[in-house]
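Note sheet for the following structure.
In our numbering, the protein residues as written are 202 to 472.
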């Protein structure tokens, strides 16, 4: 439902928002992206020692104790409708991290006891729709241009972390989702000849419901190069996503402060 709502909103706004910056003479561009990301942060989950109730709260465990110690190849992309700076964007990110390293739990974690040797898998699927409108522009005599923009975005995520005792089928999972997360969004871009540097910063302290809870931010910085006489731009940079999560994985409550960070490479081409 959330995914369909995001796609519908993109189509409706593209059709009826032509007076907004970036949408008066728009072009359609595609930006496929390669992500080299790592999961950071910590997560705490209740347990019942010796299978006795009520459940007890446990200290948080760093995700590296789940074996999450390396970066992983993932993919995503953006479909943009605008002038290259302002306009509408529909983004997608798919994270699928299987660990080959083993970790040792320092605390009980749901069905798993402290001292258990484990591996883990983390998955995340993220959809977002955003709009940025230019509010300031400065161009120098030496062909430098600065542009600033503000806007908003709506994000939906489905995620899961599965922690498995090494050599057995014993496992503990934590799943999380949301009913939509609205962000305030700011963008800055500097262009000089074929080179550009673009920074995006998104922040929110509210959601429309679900397991994500608290202050969240998503920021990125990309350096781009426009190929001469071609409608093709290559870019690369860094992205950081903060995702505090609280939920229940029956019967255990869990709290997590998760972060995704890493490097992004991509190309941009228009139609």
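We put the beta carbon where it would ideally sit given N, CA and C, even for glycine.
From a predicted model like this one, the values you see are computed outputs, not experimental measurements.
Report buried or exposed for residue 385, applying the criterion of at least 16 other Cβ atoms within 10 angstroms of its Cβ.
exposed
By DSSP, does residue 250 sit in helix, in strand, or in coil?
helix
Residues near residue 389 in its chain [Cβ-Cβ closer than 6 Å; skip 5 each side]:
349 and 400
Cβ contact check for the segment 256-263 and the segment 271-290: 3 or more pairs under 8 Å
no
Say whether the segment 337-356 touches the segment 308-318, bearing in mind that this needs 3 or more beta-carbon pairs closer than 8 Å, one atom from each stretch.
no
Taking only three categories from DSSP, how would you classify residue 291?
strand
Test item: CB-CB of residue 278 and residue 234 under 8 Å
yes
For residue 266, the three-state DSSP class (helix, strand or coil)
helix
At the level of alpha carbons, what is the spacing between residue 449 and residue 374?
10 Å
For the beta strand (DSSP E) holding residue 320, just list the boundary residues, first then last.
318-340
Output needed for residue 429: all residues of its chain with C-beta closer than 7 Å, excluding positions within five of it in sequence on either side, in chain order.
395
Measure the alpha-carbon distance for residue 299 versus residue 367 and round it to whole angstroms.
13 Å
Sequence-distant residues of its chain with Cβ nearer than 6 Å to residue 425 (five each side left out)
397, 434 and 436
Locate the beta strand (DSSP E) running through residue 353, then write down its first and last residues.
345-366
Just how far apart, CA to CA, sit residue 409 and residue 344?
44 Å
What's the C-alpha gap between residue 371 and residue 249?
16 Å
Secondary structure of residue 272, DSSP reduced to three states
coil
Could you pull the start and end residues of the beta strand (DSSP E) that residue 378 belongs to?
372-378
Is it right to say residue 457 is buried, meaning 16 or more other beta carbons lie within 10 angstroms of its own, or is it exposed?
buried
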